[in-house]
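By numbering that gives the first Met the number 0, the letter at position 42 of the sequence shown is numbered 41, and the numbering carries on one by one without gaps.
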Amino acid sequence: MPRRPRLGVQLPEVEREVRWPEYVAMALAAEDAGFDSVWVGDHYLYRGDGRPERGPWEAWTLLAGLATVTTRVRLGPLVACLNFHPPAVLAKIAATVDVVSGGRLVLGMGAGWNRTDFDAFGIPFDHRASRFEESFEIVRRLLDGERVTFAGRWHSTRDAVLLPKPAGRPTLMVGSTGPRVLAATLPHVDVWNTWYDLFANTPDGFARESRTIDDACERAGRDPATLERSACVLVRFPGGAGERPDEPGIEPVDPSDLTAALDAFAEGGADEVILVCDPITEGSIRTLGAALG
Numbered sequence: 000m001p002r003r004p005r006l007g008v009q010l011p012e013v014e015r016e017v018r019w020p021e022y023v024a025m026a027l028a029a030e031d032a033g034f035d036s037v038w039v040g041d042h043y044l045y046r047g048d049g050r051p052e053r054g055p056w057e058a059w060t061l062l063a064g065l066a067t068v069t070t071r072v073r074l075g076p077l078v079a080c081l082n083f084h085p086p087a088v089l090a091k092i093a094a095t096v097d098v099v100s101g102g103r104l105v106l107g108m109g110a111g112w113n114r115t116d117f118d119a120f121g122i123p124f125d126h127r128a129s130r131f132e133e134s135f136e137i138v139r140r141l142l143d144g145e146r147v148t149f150a151g152r153w154h155s156t157r158d159a160v161l162l163p164k165p166a167g168r169p170t171l172m173v174g175s176t177g178p179r180v181l182a183a184t185l186p187h188v189d190v191w192n193t194w195y196d197l198f199a200n201t202p203d204g205f206a207r208e209s210r211t212i213d214d215a216c217e218r219a220g221r222d223p224a225t226l227e228r229s230a231c232v233l234v235r236f237p238g239g240a241g242e243r244p245d246e247p248g249i250e251p252v253d254p255s256d257l258t259a260a261l262d263a264f265a266e267g268g269a270d271e272v273i274l275v276c277d278p279i280t281e282g283s284i285r286t287l288g289a290a291l292g
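Here's what the structure looks like:
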């Protein structure tokens, strides 16, 4: 039987309003409970989905703060929208957070999907895949220690370099199933991640999705065995808190079944499982950690 996947937890985004002291408490609880990683979403504003207008705190600022209060867990955006920032600036931000954390950053990346983020904050929503392709090249090369001069349709740099020089490149993760994003990233990234609604929150669904990534790796000239796989899995405590609305075809994992579910996800090829809990609280995190022992 494959070994149990590494275990992460996503902290609240807009499930409810959370202030900084609670973020600290939850991150420290995850570290105390033996979790391997802590994640935050990267969005600006949600509206128009039949729920009240709501917005999260800025992801990179949260990650920098969490890096100063934790010592062991890996930290990352789930996932950073490369189209929110000029790519060289994002590379600088990521390198800084990686240094502050002592090399614990996992740079999750995607092209973005929530149009309100873009429209409300004055960010172009068009040509997201094309913009991502250029951004990813600049970010990757800068984090690899290169001097980068780049002239693209959407982005440009002139002899850009990251100084002070980072100690090393952070782990790179892509969170996408888009063919163009995968083609650009799979030759280079360390991890592929997917959200629970894309595989119906089941180990079999994840295994099927993972096999499509095997095919994408082969098309990109990458040995599929060298790419780690990460699954976000919805866990709902009895009664829940209504933080995540019911979705057709999605059956949340009950905490009492989590050990078996993790073993099944490992069989399906998951190297890491990131728990998305309902509710996401310090108590939930500690309860899950104790149950998994």
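Ideal Cβ positions, reconstructed from N, Cα and C, are used throughout, including at glycine.
Just so it is clear, the structure is predicted and the values come from calculations on it, not from any experiment.
Proximal residues to residue i (C-beta, below 7 Å), its chain only, five neighbours per side dropped
i	result
A199	G248, I249
D270	P4, R5, E227, R228, S229
S155	F149
R127	N82, A110, G111
Residue i classed as buried or exposed, judged by whether at least 16 other C-beta atoms fall within 10 angstroms
i	result
F120	exposed
S255	exposed
L197	exposed
P244	exposed
T235	Before going on, a small fix: residue 235 reads as Arg here, not Thr. Counting Cβ neighbours within 10 Å, R235 comes out buried, since at least 16 surround it.
W19	exposed
V68	exposed
T211	exposed
T60	exposed
T280	buried
V105	buried
Chain-order list of residues whose beta-carbon lies under 6 Å from that of residue i (same chain, five-residue window excluded)
i	result
D41	A58, P76, A79, C80
L171	L106, V188, D189
Euclidean distance between Cα positions of residue i and residue j
i	j	result
G49	A87	36 Å
A183	S134	10 Å
A110	F131	6 Å
G294	V39	The requested residue 294 is not part of the displayed model; the chain covers only 0 to 292.
V321	V275	Past the edges of the chain, shown from 0 to 292, lies residue 321, and the structure says nothing about it.
E145	G282	44 Å
V99	E21	21 Å
A159	R152	17 Å
V37	L141	25 Å
Residue i (DSSP reduced to helix, strand or coil)
i	result
D245	coil
A79	strand
Y22	helix
Y45	strand
V88	helix
V252	strand
I279	coil
A230	strand
W59	helix
8 Å Cβ shell around residue i - same chain, five flanking residues per side excluded
i	result
F117	N82, G111, P123, F124
A219	L181, A182, L185, P186
V232	Y195, N200, V252, A260, F264, V272, I273, L274, V275
Neighbour flag for residue i against chain B, beta carbons, 7 Å
i	result
R235	Absent from the structure is chain B; it holds one protein chain and no more.
Quick check for students: name the residue ranges of the alpha helix (DSSP H) that lie wholly in the stretch 97-177, counting only runs of 4 or more.
114-119, 127-142
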